[in-house]
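Here the numbering used here = 1-based position in the sequence shown + 2. Taking it in order: structure first as structure tokens, then the write-up.
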Amino acid sequence: MITMTIEELFEVGTNFETSVGEGTKSERARIPKNYSRINLPEEVVSAIEGFDKEINFLVSGEIWCPDYQLNITVLKKFTELNPNFNISVISMSRGKKFLAPILGVTELKWPTVAVLDKDFNILGTFNERPKTVRAVENFDDIKLDYYKGKYLLDSALDFLEIMNKAK
């Protein structure tokens, strides 16, 4: 059986812009719309800008997925605020075949983001949606607000919480 290390997966991945470029015109159009909805309070922006450790975000997901369009756009914002952050995107099939065994899971939710330190140690994972959204008993109750970007700050806070595990 062929295997890949997390570092090898990161190396074969594409950047955010390339992954977005693989989408349809309407999928690509959602990225700037979602980006414009990212409204981070000053203390969150300061925490992101002031983060002094290198972080690598290995994303398994694809542009057609609305959760990807929302939550990975938040990561794009992180990389713009701090040059210590890097994103690499692998396909869902590559994630299923190679990343799931590394994470010790049999099934992934997409997008799955493995948050890694500079040495590619896994600090934690972000799965599909922010914790506050996953905690809602009936997703249909908040679905419209979620897709309108009302939970993007929650995604940012989840990423920061994982990143803060870096030594």
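Glycine included, each C-beta is placed from N, C-alpha and C at the ideal position.
Q: Note down the Cα distance separating Phe59 from Lys111, rounded to an integer number of angstroms.
A: Taking the sequence shown and counting its residues from 1, the one referred to as residue 59 is at position 57. Taking the sequence shown and counting its residues from 1, the one referred to as residue 111 is at position 109. When rounded, the distance between both Cα atoms is 16 Å.
Q.
At the level of alpha carbons, what is the spacing between Gly126 and Lys145?
A. Here residue 126 refers to the residue found at position 124 of the sequence shown. Here residue 145 refers to the residue found at position 143 of the sequence shown. Computed Cα separation, rounded: 25 Å.
Q. Are the beta-carbon atoms belonging to Val107 and Ile65 less than 8 Å from one another?
A. Taking the first residue of the sequence shown as position 1, residue 107 is located at position 105. Taking the first residue of the sequence shown as position 1, residue 65 is located at position 63. No, Cβ-Cβ distance for Val107 and Ile65 is not below 8 Å.
Q: With distances taken Cα to Cα, identify the nearest neighbour of Asp69 among Phe53, Asn36, Val47, Gly52.
A: Indexing the sequence shown from 1 puts residue 69 at position 67. Nearest C-alpha to Asp69: Asn36.
Q | Beta-ladder partner(s) of Ser21, from DSSP | A | Residue 21 sits at position 19 when you count from the first residue of the sequence shown. Note: Ser21 sits in no beta bridge, so no partner.
Q.
Check whether chain C comes within 8 Å of Val76, counting only Cβ atoms and requiring the distance to be less than that.
A. In summary, chain C is missing from the structure at hand, where a single protein chain is found.
Q) Helix or strand or just coil, what does DSSP make of Ala49? A) Taking the first residue of the sequence shown as 1, we reach residue 49 at position 47. DSSP places Ala49 in helix when its eight states are reduced to three.
Q: Can you tell me the Cβ-Cβ gap for Met165 and Ile57, rounded? I've got them flagged as a contact below 8 Å.
A: Your numbering for residue 165 matches position 163 in the sequence shown. Your numbering for residue 57 matches position 55 in the sequence shown. Met165 to Ile57, Cβ: 5 Å. Contact.
Q.
Rounded to whole angstroms, what is the Cα-Cα separation between Thr114 and Asn123?
A. For the purposes of this step, residue 114 is taken as residue 112 along the sequence shown, with counting starting at 1. For the purposes of this step, residue 123 is taken as residue 121 along the sequence shown, with counting starting at 1. So the alpha carbons of these two residues sit roughly 16 Å apart.
Q) Just checking my contact of Phe87 with Phe128 at CB under 8 Å: how many whole Å lie between their CB atoms? A) Residue mapping note: residue 87 aligns to position 85 of the sequence shown, counting from 1. Residue mapping note: residue 128 aligns to position 126 of the sequence shown, counting from 1. Rounded, the Cβ-Cβ distance is 14 Å, inconsistent with contact.
Q) Taking only runs of the alpha helix (DSSP H) that begin and end inside the region 22-88, which ones reach a length of at least 4 residues, in chain order? A) 27-38, 44-51, 68-83
Q | Option nearest Thr5 by Cα separation, candidates Ala102, Pro43, Gly15 | A | Locating residue 5 in the sequence shown gives position 3, counting from the first residue. Out of Ala102, Pro43, Gly15, Ala102 has the C-alpha closest to the C-alpha of Thr5.
**Q.** Inter-stretch contact at 8 Å, needing at least 3 Cβ pairs: the region 36-52 / the region 93-101
**A.** no
Q. Out of Arg30, Ile50, Thr75, which has the shortest C-alpha to C-alpha gap to Glu130?
A. Within the sequence shown, the letter at position 128 stands for residue 130. The shortest Cα separation from Glu130 among Arg30, Ile50, Thr75 belongs to Thr75.
Q) Taking C-alpha atoms, which residue in Gly52, Phe12, Asn84, Glu29 lies nearest to Ser62? A) Start at 1 with the first residue of the sequence shown, and residue 62 comes out as number 60. Looking at the Cα atoms, Phe12 is the closest of the given residues.
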